[in-house]
Amino acid sequence: MDKDITGIIKPADATKSVNVTASPNPMKSETKIQLRSGTDMFQIFDADLFDATGRRIEVEYVKEDVNGFTFIRLDASQLSTGIYLFRIASGSFTTFIKLAKIK
Numbered sequence: 179m180d181k182d183i184t185g186i187i188k189p190a191d192a193t194k195s196v197n198v199t200a201s202p203n204p205m206k207s208e209t210k211i212q213l214r215s216g217t218d219m220f221q222i223f224d225a226d227l228f229d230a231t232g233r234r235i236e237v238e239y240v241k242e243d244v245n246g247f248t249f250i251r252l253d254a255s256q257l258s259t260g261i262y263l264f265r266i267a268s269g270s271f272t273t274f275i276k277l278a279k280i281k
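Residues 179 to 281 (the working numbering) are what the sequence shown spells out, left to right.
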């Protein structure tokens, strides 16, 4: 186990091997979130979208697995302009990615 700069103890291999990106970000009608872990940890996962006030937003997304990557296609067409947090959790791993919705 390692400590990060906040002093929080975390598993040594959990976050070092995970890469999460979103493109395009800012988004208009859709964004694609790319997850890469080097393992199959994202075969089963939970995903939630929250607005700037912390309210959970119902949103449609589609998961695709391609060549070691997991992609989540997020339909943002019904979202209002603003900042959102997308939470991805799998096992003991949880991460957030900030997304911006523009007109």
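The C-beta atom is built at its ideal place from N, Cα and C for all residues, glycine as well. These numbers come from a predicted model, not from an experiment.
Residue 233 sits in coil when the DSSP states are folded into three classes, being neither helix nor strand. Contact annotation: the segment 255-274 touches the segment 222-236, with at least three C-beta pairs closer than 8 Å. DSSP places residue 238 outside both helix and strand once states are collapsed to three, so it counts as coil. Residue 197 is bridged by DSSP to 214.
Within the DSSP bridge table, the entry for residue 267 names 224 and 272 as partners.
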